[in-house]
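Q: In terms of the numbering used here, the sequence shown is residues 2 to 121. The structure is given below, and queries will be raised subsequently.
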Amino acid sequence: MASSSSLTSSGGDAPGPDPERAARPLLVDRIAELEEEHERLAAANAELERENERLKRRLRRRRRERQDVIDRYERQLRRRTAELQRERDRSDERRTGARGRIAAAVLAIGRRFAERCPGL
């Protein structure tokens, strides 16, 4: 009877295929599928990381370009503001100079008049 129990798989059941042994090829196939999926996802991830780096470089370049434009406009604004201020200063000097010359001429006329007409 010992020999008949060695033929059965579990406690007196009829001999048959071992379920673990039958499942092994399915597990091996599934592991292979998962490894392929992992490799595919790793390749896709690497591609996405390269694209991300490319976009980061592009964004940094655009920011630098935009900042360069802003800096250029700020320099132009400062230069033109300084030019305008210099023009205003020259205009003020011309007006002040003309007023000063007029005032000096009036005073000179007044002195001459006072010299010629001392009693008045």
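We put the CB at the ideal spot given by N, CA and C, even for glycine.
(1) Do you know offhand how far threonine 82's Cα is from leucine 56's?
(2) Alpha carbon to alpha carbon, what distance is there between arginine 51 and glutamine 77?
(3) Have a look at alanine 105 and aspartate 90 and give me their C-alpha separation to the nearest angstrom.
(4) Quick check: what's the CA-CA separation for arginine 67 versus arginine 31?
(5) Secondary structure at aspartate 93, three-state DSSP: helix, strand or coil?
A: So, from the listed chains and residues:
(1) Answer to the nearest angstrom: the Cα atoms are 38 Å apart.
(2) 39 Å
(3) 22 Å
(4) 53 Å
(5) In the three-state DSSP reduction, aspartate 93 falls in the helix class (H, G or I).
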